[in-house]
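Peer 1: Below are the structure tokens for one structure; questions will follow.
In full-length UniProt numbering, the protein residues as written are 1 to 331.
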């Protein structure tokens, strides 16, 4: 089968289209999936540039997000049959094959039936960002109806799904974006307010919009500088959740505000082999499939590229200005 191999650590040119052996079911709980599409995420580019999570894993197939058709099931699999359409987030970290390929074999307990209304490209775009956004907003952030949430980088992969999920909960959504065009985009998703941070930052605008109280929940998808500045716009007794390491900084103001600070790394169940957390991921995908089939949730695809254009997909991601998601297709 054709697959994109990461042959070394480095720039996007280390991604090579090659023919490799098609994987086969070796365990009773596995399914074989003919992959129709694979989502591209920033973690893929970081792994390519900085190295895999496991030693001696090269060459490796990247890509955590996949969607496709089940072609074969192991002897203990009861929830799927050949012909089922599935979506999932699994593999691509170095220990197990990722989804920049035509086929993949995974443990069936990582997969979920994809939304009936989604194309394979839409389904492949969504698992990692949906699980991340859900975990940050609800499992870590405890967001409730009527509360105000500030979502940073609302036009990005995680951000644009987080906006939709927060609105489904009945929250007021404030989000930051870099341009007027992106402000229009996030408002089309349901955001109540869009702050163009490239003009005057975001802190004054958030405090003006909240009567100087701050947001009940702040969701940082950007990094240390944004995390630090977000402390002052998080309401007293509020929550601040980040996807990234905030680095060394003073937390005296966070302490004075009695903030709950949380981290969301949706890769943890894969990296630490945590079955209960894996099951939670599938629960999230099942619920999101229901929302999607009711027309309440939809990923935005900014670029749909062929599998052989994976290097270009990585270059686009690394600009840091991608709107929505980029997806590779094997067809």
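The C-beta atom is built at its ideal place from N, Cα and C for all residues, glycine as well. For clarity, every value in this text was computed on a predicted model and none was experimentally measured.
Going by C-alpha distance, which of 102, 80, 294 and 208 is nearest residue 21?
Peer 2: 102
Peer 1: Roughly how far, in whole angstroms, is the beta-carbon of residue 202 from the beta-carbon of residue 176, given that I think they are within contact range, below 8 Å?
Peer 2: 5 Å
Peer 1: Exposed or buried, what is residue 112 when buried is set at 16 or more other beta-carbons lying within 10 Å of its beta-carbon?
Peer 2: buried
Peer 1: I think residue 25 touches residue 72, with their Cβ atoms under 8 Å apart; what is that distance to the nearest whole Å?
Peer 2: 6 Å
Peer 1: On a Cα-Cα basis, can you pick out the residue from 182, 107, 135 and 307 that is closest to residue 328?
Peer 2: Among 182, 107, 135 and 307, the Cα nearest to that of residue 328 is on 307.
Peer 1: I'd like to know whether the C-beta atoms of residue 135 and residue 264 end up nearer to each other than 7 Å.
Peer 2: yes
Peer 1: Applying the 10 Å Cβ sphere with the 16-neighbour rule, what's the burial state of residue 227?
Peer 2: buried
Peer 1: Taking residue 187 as part of the beta strand (DSSP E), name the residues at either end of that continuous run.
Peer 2: Element bounds for residue 187: not the beta strand (DSSP E) but the alpha helix (DSSP H), 180 to 189.
Peer 1: Is DSSP giving residue 174 helix, strand or coil here?
Peer 2: strand
Peer 1: Among 281, 99 and 243, which one has its Cα closest to the Cα of residue 23?
Peer 2: 99
Peer 1: With three or more C-beta pairs closer than 8 Å as the rule, is the stretch 249 to 258 touching the stretch 83 to 94?
Peer 2: For the pair of segments examined, the stretch 83 to 94 was found not to touch the stretch 249 to 258: the number of CB pairs separated by less than 8 Å stays below three.
Peer 1: Quick one, are the C-beta atoms of residue 126 and residue 299 less than 7 Å apart?
Peer 2: yes
Peer 1: Report the three-state DSSP secondary structure of residue 257 (helix, strand or coil).
Peer 2: coil
Peer 1: In three-state DSSP terms, what is residue 310?
Peer 2: The answer is helix: DSSP assigns residue 310 an H, G or I state.
Peer 1: I want to know whether the stretch 229 to 246 touches the stretch 181 to 196 - three or more CB-CB distances under 8 Å.
Peer 2: no
Peer 1: What distance in whole Å lies between the Cβ atoms of residue 31 and residue 108, which are believed to be in contact at a cut-off of 8 Å?
Peer 2: 5 Å
Peer 1: Would you mind working out which of 9, 68, 78 and 77 sits nearest residue 59, comparing C-alpha positions?
Peer 2: 9
Peer 1: For residue 13, name the three-state secondary structure that DSSP assigns.
Peer 2: helix
Peer 1: Just confirm the distance between the C-beta atoms of residue 35 and residue 330, as a whole number of angstroms; I'd bet it's less than 8 Å.
Peer 2: 6 Å
Peer 1: Which parts of the stretch 248 to 295 are runs of the beta strand (DSSP E), unbroken and 3 residues or longer, counting only runs that do not cross its ends?
Peer 2: With a minimum length of 3 residues, the continuous beta strand (DSSP E) runs that stay inside the stretch 248 to 295 are 260 to 263.
Peer 1: If you draw a straight line from the C-alpha of residue 277 to the C-alpha of residue 74, how long is it?
Peer 2: So the two alpha carbons sit approximately 22 Å from each other.
Peer 1: Hey, which unbroken runs of the beta strand (DSSP E) at 3 residues or more fall wholly within the stretch 41 to 112?
Peer 2: 65 to 73, 85 to 89 and 103 to 107
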